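K.L.:
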Amino acid sequence: MQPSSLTVLKISRITCLFVMLLCVQSVHAQDRAKYVFYFIGDGMGPLQREVGQQYLVGVTGDANAKLEMDQLPVQGFLQTHSANASITDSAAAGTALACGVKTNNGVICMAPDKQTKLTTLAEHVHQAGVKVGILTSVTLDHATPACFYAHQPSRNMVFQISQELAASPFAYFAGGGLSGKSANGIDNLQVAAQNGFHITRSRQALIDAKPGQRVIAFNERMDSDRRPLPWEADRMSNDISLATFTEHAIRLLENDKGFFMMVEGGMIDWAGHGNAVRTMAHEVIALDHAIKAALDFYNKHPNDTLIVITADHETGGMQHDGHPNPTYLASQTTSYDHFKTKLKQLVEKKADFKTAYQMAQIHFGIDEQPEKNIAFLQKAWQALLDGQRIVHNHGKNNDFTEAFLKLSANAAGYRFTTHGHSAADVPISAIGVGAQHFEGNFDNTQVPRKIYQIMTGKEMP
Ligand SMILES: [Zn+2]
Numbered sequence: 006m007q008p009s010s011l012t013v014l015k016i017s018r019i020t021c022l023f024v025m026l027l028c029v030q031s032v033h034a035q036d037r038a039k040y041v042f043y044f045i046g047d048g049m050g051p052l053q054r055e056v057g058q059q060y061l062v063g064v065t066g067d068a069n070a071k072l073e074m075d076q077l078p079v080q081g082f083l084q085t086h087s088a089n090a091s092i093t094d095s096a097a098a099g100t101a102l103a104c105g106v107k108t109n110n111g112v113i114c115m116a117p118d119k120q121t122k123l124t125t126l127a128e129h130v131h132q133a134g135v136k137v138g139i140l141t142s143v144t145l146d147h148a149t150p151a152c153f154y155a156h157q158p159s160r161n162m163v164f165q166i167s168q169e170l171a172a173s174p175f176a177y178f179a180g181g182g183l184s185g186k187s188a189n190g191i192d193n194l195q196v197a198a199q200n201g202f203h204i205t206r207s208r209q210a211l212i213d214a215k216p217g218q219r220v221i222a223f224n225e226r227m228d229s230d231r232r233p234l235p236w237e238a239d240r241m242s243n244d245i246s247l248a249t250f251t252e253h254a255i256r257l258l259e260n261d262k263g264f265f266m267m268v269e270g271g272m273i274d275w276a277g278h279g280n281a282v283r284t285m286a287h288e289v290i291a292l293d294h295a296i297k298a299a300l301d302f303y304n305k306h307p308n309d310t311l312i313v314i315t316a317d318h319e320t321g322g323m324q325h326d327g328h329p330n331p332t333y334l335a336s337q338t339t340s341y342d343h344f345k346t347k348l349k350q351l352v353e354k355k356a357d358f359k360t361a362y363q364m365a366q367i368h369f370g371i372d373e374q375p376e377k378n379i380a381f382l383q384k385a386w387q388a389l390l391d392g393q394r395i396v397h398n399h400g401k402n403n404d405f406t407e408a409f410l411k412l413s414a415n416a417a418g419y420r421f422t423t424h425g426h427s428a429a430d431v432p433i434s435a436i437g438v439g440a441q442h443f444e445g446n447f448d449n450t451q452v453p454r455k456i457y458q459i460m461t462g463k464e465m466p
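Going by the numbering used here, the sequence shown opens with residue 6, and the numbers climb by one from there.
Here it is as structure tokens:
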């Protein structure tokens, strides 16, 4: 029996409505990101990224080799100034990137009045039922990660910051250590454990952690409570990399309601402060490996995932000095910090200039120097023998180290103009659901607001 024309009309109307509903739903589904990766390269300006890319060219021998982050379809730039300075620090920039509000340098997710607490993007989406992970290669109480879970008038209040971590409802923290203990005996890691966190201090313990457990994951070699991951250039096989922490974040956080994770490459900034170009190249690569882990996930869930990669500011005021030298950048080396350790040993042994000079030449891959440079280096070496201190800081070094770092930057085709931050705009890259919103040049406060909108369909409060 043929259905009556009325029935056909009814069915086709219902079908039409159904299709329309489906369409509306799929538009929404396409607009909403269920899984969000937010990568922040601390101090990663355009030339820091180029250094990483040139390292890849050197390693692969492929002149067209590119970082994962440089291959994403959407590329833009961010302005980074803080509320009170044209050159921001990581606390004010972290606040902008986490809370969408400008504050003063040094302040962690509070308004410039240092009284008004701001709510972070991570806290907002956690309230909406999304699981949150905070990952970094530096310590978890450092400014950038802190800006996603803590609210303090000063970034130096690391104990109070770690107290907030211990009380946090988030699902996963991973990276370097934490300022655990106070003078009066309070141990924030113990408090965190009482608050339900499972704390892992080895690769195996992290592997054994189960989805549903709330985890604070540290590296294997953690002999103090406040130690960053090793420099990527010095990483040993038993060290847990930022990429591995990211893979476990995905495994532990994946759930029906989605996840949000912030992953910081924190030591790009430190290498920038040190003006250490090859150490920096390794740190950019370490972050790019973590991005690769996110892209593998994205490829399995392209309709639900957003990946955003940016920076809080540029560090080192890098400039070109001739052409980049990929072969030099990719040549085998340990970190500049490790160099300083070797230098210290030579000072202790009261080694002669020639020994120190040759060690530095080999470490930095530097050619025989002209007479006037030798004279300067001889004086610099004598100053070390006379008691000038070799400090493991992330800033200006002793003259001997400083001279070789300068030669190294020149050999790589770059020059640093400061040991501090600069006001340069920083790149932003994106792929996935809503990625098109990150095109162009805009203010860093817009980033969390855009992410929130893409995750929830609503404006960030
Ligand atoms: Zn810095």
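For glycine and all other residues, C-beta sits at the position ideal for the given N, C-alpha and C.
None of these values were measured; they are calculated from a predicted model.
Buried or exposed: where does residue 255 fall if 16 or more other Cβ atoms within 10 Å of its Cβ makes it buried?
P.N.:
Its Cβ being crowded by 16 or more others within 10 Å, residue 255 is buried.
K.L.:
Span of the alpha helix (DSSP H) holding residue 222?
P.N.:
Run containing residue 222: none in the alpha helix (DSSP H); it sits in the beta strand (DSSP E), 219 to 223.
K.L.:
Ends of the beta strand (DSSP E) at residue 269?
P.N.:
Taken as a continuous stretch (DSSP letters only), the beta strand (DSSP E) holding residue 269 covers 264 to 270.
K.L.:
Under a Cβ-count criterion, where at least 16 other Cβ atoms within 10 Å of its own Cβ denotes burial, should residue 167 be classed as buried or exposed?
P.N.:
By the 10 Å Cβ count, residue 167 comes out buried.
K.L.:
Count the other C-beta atoms from every protein chain shown that fall within 10 angstroms of the C-beta of residue 394, then say buried if there are 16 or more, exposed otherwise.
P.N.:
That one is exposed.
K.L.:
Going by the CB atoms, is the gap between residue 316 and residue 45 shorter than 8 Å?
P.N.:
Going by C-beta atoms, residue 45 is nearer than 8 Å to residue 316.
K.L.:
Assuming residue 516 and residue 435 form a contact by the criterion Cβ under 8 Å, report the distance between their Cβ atoms to the nearest whole angstrom.
P.N.:
The chain is shown from 6 up to 466; residue 516 falls before or after that span and cannot be answered.
K.L.:
What residues are listed by DSSP as bridge partners for residue 83?
P.N.:
BP columns for residue 83 point to 431, 447.
K.L.:
Compare the C-alpha of residue 293 against each of 336, 322, 246, 257 and name the closest.
P.N.:
Comparing Cα-Cα distances from residue 293 to each of 336, 322, 246, 257, the minimum goes to 246.
K.L.:
State buried or exposed for residue 373, treating a residue as buried only when at least 16 other CB atoms are found within 10 Å of its CB.
P.N.:
Classification for residue 373: exposed.
K.L.:
So for residue 259, helix, strand or coil by DSSP?
P.N.:
Coil.
K.L.:
Kindly examine ligand 1 and report whether one of its heavy atoms sits closer than 7 Å to the Cβ of residue 249.
P.N.:
Residue 249: no, Cβ never under 7 Å from ligand 1.
K.L.:
Can you name the start and end residues of the alpha helix (DSSP H) that residue 368 belongs to?
P.N.:
358 to 369 is the span of the alpha helix (DSSP H), which, as asked, contains residue 368.
K.L.:
How far does the beta strand (DSSP E) with residue 136 in it reach, from first residue to last?
P.N.:
Element bounds for residue 136: 136 to 141.
K.L.:
So who's on the other strand from residue 179, going by DSSP bridges?
P.N.:
Bridge partners of residue 179: 140, 222.
K.L.:
Using the rule of at least 16 other Cβ atoms within 10 Å of the residue's Cβ for burial, across every protein chain shown, is residue 354 buried or exposed?
P.N.:
Exposed, by the Cβ-count rule.
K.L.:
Determine the burial state of residue 241: buried for a count of at least 16 other Cβ atoms within 10 Å of its Cβ, exposed for fewer.
P.N.:
Looking at its Cβ environment, which holds fewer than 16 other Cβ atoms inside 10 Å, residue 241 is exposed.
K.L.:
Per DSSP, residue 420 forms a beta bridge with which residues?
P.N.:
For residue 420, which the question treats as bridged, DSSP gives the partners 324.
K.L.:
Ligand 1 and residue 95: does any heavy atom of the ligand fall closer than 7 Å to the residue's C-beta?
P.N.:
Correct: residue 95 has its Cβ closer than 7 Å to ligand 1.
K.L.:
Any idea what DSSP makes of residue 66, helix, strand or coil?
P.N.:
Correct three-state label for residue 66: coil.
K.L.:
Start and end of the alpha helix (DSSP H) containing residue 290?
P.N.:
Note, residue 290: alpha helix (DSSP H), 282 to 305.
K.L.:
Could you check what DSSP says for residue 395 in three-state terms: helix, strand or coil?
P.N.:
If DSSP states are grouped into helix, strand and coil, residue 395 belongs with coil.
K.L.:
With contact counted as at least three CB pairs below 8 Å, one residue from each stretch, are the stretch 438 to 455 and the stretch 339 to 347 in contact?
P.N.:
Not touching, per the Cβ criterion.
K.L.:
Is any heavy atom of ligand 1 found at a distance shorter than 7 Å from the C-beta of residue 321?
P.N.:
Incorrect: residue 321 has no Cβ contact closer than 7 Å to ligand 1.
K.L.:
Please name the residue or residues paired with residue 157 in a DSSP beta bridge.
P.N.:
For residue 157, which the question treats as bridged, DSSP gives the partners 113.
K.L.:
Is any non-hydrogen atom of ligand 1 found closer than 7 Å to the C-beta of residue 426, if you look at the structure I gave you?
P.N.:
Within the cutoff, so yes.
K.L.:
By alpha-carbon positions, which one of 146, 148, 154 ends up nearest to residue 132?
P.N.:
Among 146, 148, 154, the Cα nearest to that of residue 132 is on 154.
K.L.:
Taking 7 Å as the cut-off, is the C-beta of residue 48 nearer than that to any heavy atom in ligand 1?
P.N.:
Under cutoff, so the answer is yes.
K.L.:
Using 8 Å as the threshold, is the stretch 302 to 312 in touch with the stretch 82 to 89, meaning 3 or more CB pairs across them?
P.N.:
With a cut-off of 8 Å, the stretch 82 to 89 and the stretch 302 to 312 do not count as touching, because too few Cβ pairs lie within range.
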